[in-house]
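Residue numbers (my numbering), protein chains in the order written: chain A, 3 to 226; chain B, 19 to 125.
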């Protein structure tokens, strides 16, 4: 099975090296880094670990970067595509559990969930907003999940080809879920552990941003 | 006797219509948009001076004062325009993303 890892990175020079080192050490050879117009050394560092570094000439957001990486992986004949965070929140050890159900053709897409097993020290405010997101996704798309804005996913070739990501920024996370529903893809949630470090908390989404994401989600849906 | 607000409306309308004319004659805007802006300001004048007509039009639809109806309609128009703009920008953004992606994949 040809497994490709896609990482969207925007100004992640601080962490991208560690993340890539862990992936390479674990034996993942096909790692794509999409440098989303970073102003720091993200690209230069990434190139030390992988030859698949793509550059967005200007910043287009995480959704856009993942789509670029997924397109690249598909063109290179990927069987399974895993999206992974650049800030060190995800654990390489969790990848096999994510990939297995897709590999066995039990599902088309595996979604990581930080609420299915203990170990993720999710900050309280973050938890509140995530739970709100879960409710909104349930109401808008009719999919009941335990976690909705988790960037850890494994797609089959078919799922990666079928799902259309048109939202450039963080709304893509909800868009993927709506696509799963619309295209009737089989999915499963896999427990993963999210490591909240001071760095990732600073670098990730601010909770207030959730309001903006919700607003854009609605507008994006309306304007399609 | 003209009300102060009518004087303000008159001055504003005359000033902007003059601006539109100047821009149109120097070909900075095309005839279509010149006509559009002319209509807008002519409309302002109509609303300011033909108050009884507006009042008569608004009463049957349940709005007491003509000027209230104008405000309601304006808000609706503005909302619609904002939505149109949003849609356009969203489309533009998607096109930019497609370009950026193609450049990234070509290299």
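The beta-carbon is built from N, C-alpha and C at its ideal position, and this holds for glycine as well.
Asked: Does the distance from the CB of residue 176 of chain A to the CB of residue 139 of chain A come in under 9 Å?; Found: yes
Asked: Please confirm if residue 111 of chain B has its CB atom under 9 Å from at least one CB of chain A.; Found: yes
Asked: Just to confirm, are residue 192 of chain A and residue 112 of chain A a CB contact at a threshold of 9 Å?; Found: yes
Asked: Check whether the stretch 183-198 of chain A touches the stretch 24-36 of chain B, counting contact only when three or more Cβ pairs, one atom from each stretch, lie closer than 8 Å.; Found: no
Asked: Who are the Cβ neighbours of residue 48 of chain A in its own chain at under 6 Å, not counting the five residues just before and after it?; Found: 18, 35, 55
Asked: For the candidate residues A:165, A:173, A:92, A:187, whose alpha-carbon lies nearest to that of residue 20 of chain A?; Found: A:92
Asked: Compute the distance between the beta-carbons of residue 65 of chain A and residue 155 of chain A, then report whether it is under 9 Å.; Found: no
Asked: Just checking, does the stretch 40-47 of chain A make contact with the stretch 105-114 of chain B on the three C-beta pairs under 8 Å criterion?; Found: no
Asked: Can you name the residues that DSSP bridges to residue 192 of chain A?; Found: A:114
Asked: With a threshold of 16 other CB atoms inside 10 Å of the CB of residue 127 of chain B, please say whether the residue is buried or exposed.; Found: This structure cannot speak to residue 127 of chain B, because chain B is shown only from 19 to 125.
Asked: Can you tell me the Cα-Cα spacing of residue 73 of chain B and residue 219 of chain A, whole angstroms?; Found: 41 Å
Asked: Residues bridged to residue 11 of chain A by DSSP?; Found: A:37
Asked: Between the Cα of residue 66 of chain B and those of B:118, B:117, B:20, spot the shortest distance and give me the residue it belongs to.; Found: B:20
Asked: As an exercise, report each continuous beta strand (DSSP E) stretch of at least 3 residues that is fully enclosed by the stretch 66-115 of chain A, in chain order.; Found: 82-87, 111-115
Asked: Using 9 Å as the limit for Cβ to Cβ distance, is residue 114 of chain A near chain B?; Found: no
Asked: What residues in the stretch 83-108 of chain B have a beta carbon less than 8 Å from any beta carbon of chain A?; Found: 101, 104, 105, 108
Asked: Going along chain B, which residues have a C-beta under 8 Å from residue 56 of chain A?; Found: 122, 123, 125
Asked: Just the chain B side, please: which residues come within less than 9 Å of residue 170 of chain A by C-beta, in chain order?; Found: 111, 112, 114, 115
Asked: Taking all protein chains shown into account, decide if residue 89 of chain A is buried (16 or more other Cβ within 10 angstroms of its Cβ) or exposed.; Found: buried
Asked: Buried or exposed for residue 131 of chain A, going by 16 or more other Cβ atoms inside 10 Å?; Found: buried
Asked: Buried or exposed for residue 181 of chain A, going by 16 or more other Cβ atoms inside 10 Å?; Found: buried
Asked: How is the alpha helix (DSSP H) around residue 211 of chain A delimited, first residue to last?; Found: 211-224
Asked: Is it the case that the Cβ atoms of residue 68 of chain A and residue 163 of chain A are separated by a distance below 9 Å?; Found: no
Asked: Examine the ligand MG and report whether any of its heavy atoms sits within less than 8 Å of the Cβ of residue 75 of chain B.; Found: Here there are no bound small molecules, and the ligand MG is not part of this structure.
Asked: For residue 71 of chain A, count the other beta carbons within 10 Å of its own beta carbon; 16 or more makes it buried, fewer makes it exposed. Which is it?; Found: buried
Asked: Near residue 34 of chain B, what residues of its chain come up, given a Cβ to Cβ distance below 8 Å and the 5 sequence neighbours on each side ignored?; Found: 55, 59
Asked: What did DSSP end up calling residue 81 of chain B once you bin it into helix, strand or coil?; Found: coil
Asked: Hey, is residue 213 of chain A's beta-carbon within less than 9 Å of any beta-carbon in chain B?; Found: no
Asked: Per DSSP, which residues does residue 100 of chain B bridge with? Please list them.; Found: Residue 100 of chain B is not bridged to any residue.
Asked: Here's the rule: buried if 16 or more other CB atoms are within 10 angstroms of the residue's CB, otherwise exposed. What is residue 86 of chain B?; Found: exposed
Asked: How close, in whole Å, do the beta carbons of residue 81 of chain A and residue 153 of chain A come, if the pair is a contact with beta carbons under 8 Å?; Found: The Cβ separation is near 21 Å, so there is no contact.
Asked: Would you report the Cα separation of residue 4 of chain A and residue 159 of chain A, rounded to the nearest angstrom?; Found: 10 Å
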